[in-house]
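A.B. asks:
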Amino acid sequence: MASCIFIPTGVVPPLPIELIRRIIDLADPSSLYTLCLVNSIFHEVAVVHLYNQPETPKPGTLVRCLQTLSCPPELAGHTRSLVYGRFLGGTSHEHNINYMTYFTTAFGMLIGSAKSNLYNLTSLTVELLGPIGKYLRGAPFRLATLDTTAEWDADFVAFLE
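This note's numbering runs 37 ahead of the 1-based position in the sequence shown.
(1) Mapping DSSP to helix, strand and coil, what is T185?
(2) With a cut-off of 8 angstroms on the beta carbons, I'd call R117 and N89 a contact; round off their distance for me.
(3) Cα separation between R59 and L103?
(4) For the alpha helix (DSSP H) holding L103, just list the boundary residues, first then last.
(5) Helix, strand or coil for P51? Go by DSSP, reduced to three states.
(6) Given a cut-off of 8 angstroms, decide if T93 and Y121 are closer than it, judged by their beta-carbon atoms.
(7) Per DSSP, what are the beta-bridge partners of V163 in this structure?
(8) Starting from I169, trace the alpha helix (DSSP H) both ways and give me its first and last residue.
(9) Using 10 angstroms around the beta-carbon of D184, count the other beta-carbons present and answer buried if the total reaches 16, otherwise exposed.
(10) Figure out for me which residue from S150, I57 and V194 has the closest Cα to the Cα of R101.
(11) Hey, how far is the Cα of V84 from the Cα of T105?
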């Protein structure tokens, strides 16, 4: 007697790369993490989308993202846009100047260590309190757009030149 029981083998049948790209194009950012784990082909295509414009809605997420972009240069090479624009509005720490200044310093140190890997970055949006220019000096990226609330100190002006 024939049996129709499905027994998973752990092997995903190969799909055409065009179909994989379409699946990843339609995936939301939270699904991209899971798609990276499917197999090496999904991983290769999903990583490009995952790091193209990383979503960093919270300070902790931004810190982990910048730590990741500091280590393996191939991941940071996919990053075209880095946006962190929710810090000054609507957080529980918005009136705590010490916290905001501390976070600006922490951000600066992390972006300073990741900047050499972010050579394809073309857009930067950062709402922080205090100067960040000394951390950006010498960065290899060529920004087409920059939106920031940080102080324009001499280092920041030198970065812009």
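Built from N, CA and C at the ideal position, the CB exists for glycine as well.
C.D. replies: According to the data block:
(1) Counting from one through the sequence shown, the residue named residue 185 turns up at place 148. Reduced to three states, the DSSP call for T185 is strand.
(2) Here the question's residue 117 lines up with position 80 in the sequence shown. Here the question's residue 89 lines up with position 52 in the sequence shown. About 5 angstroms; that satisfies the 8 angstroms criterion.
(3) If you number the sequence shown from 1, residue 59 lands on position 22. If you number the sequence shown from 1, residue 103 lands on position 66. Straight-line Cα distance between these residues: approximately 28 angstroms.
(4) Sequence index remark: in the sequence shown, residue 103 carries index 66 (1-based). Counting along the chain, L103 sits inside the alpha helix (DSSP H) bounded by residues P96 to S107.
(5) Residue mapping note: residue 51 aligns to position 14 of the sequence shown, counting from 1. Look at P51 here: in three-state DSSP terms it is coil, with no helix or strand label.
(6) Position 84 of the sequence shown, counting from 1, holds the residue named residue 121. Position 56 of the sequence shown, counting from 1, holds the residue named residue 93. Yes, the Cβ-Cβ distance between Y121 and T93 is below 8 angstroms.
(7) As a working note, residue 163 is residue 126 in the sequence shown. Y121 and T185.
(8) Within the sequence shown, numbered from 1, the residue matching residue 169 stands at position 132. Taken as a continuous stretch (DSSP letters only), I169 belongs to no alpha helix (DSSP H), as it is neither H nor E.
(9) Counted from its first residue, the sequence shown places residue 184 at position 147. The residue in question, D184, is exposed, as its Cβ has fewer than 16 Cβ neighbours within 10 Å.
(10) As a position in the sequence shown, residue 101 is number 64, starting the count at 1. If we check each option's Cα against that of R101, S150 comes out closest.
(11) Locating residue 84 in the sequence shown gives position 47, where the first residue counts as 1. Locating residue 105 in the sequence shown gives position 68, where the first residue counts as 1. Rounded to the nearest whole angstrom, the CA to CA distance from V84 to T105 is 12 angstroms.
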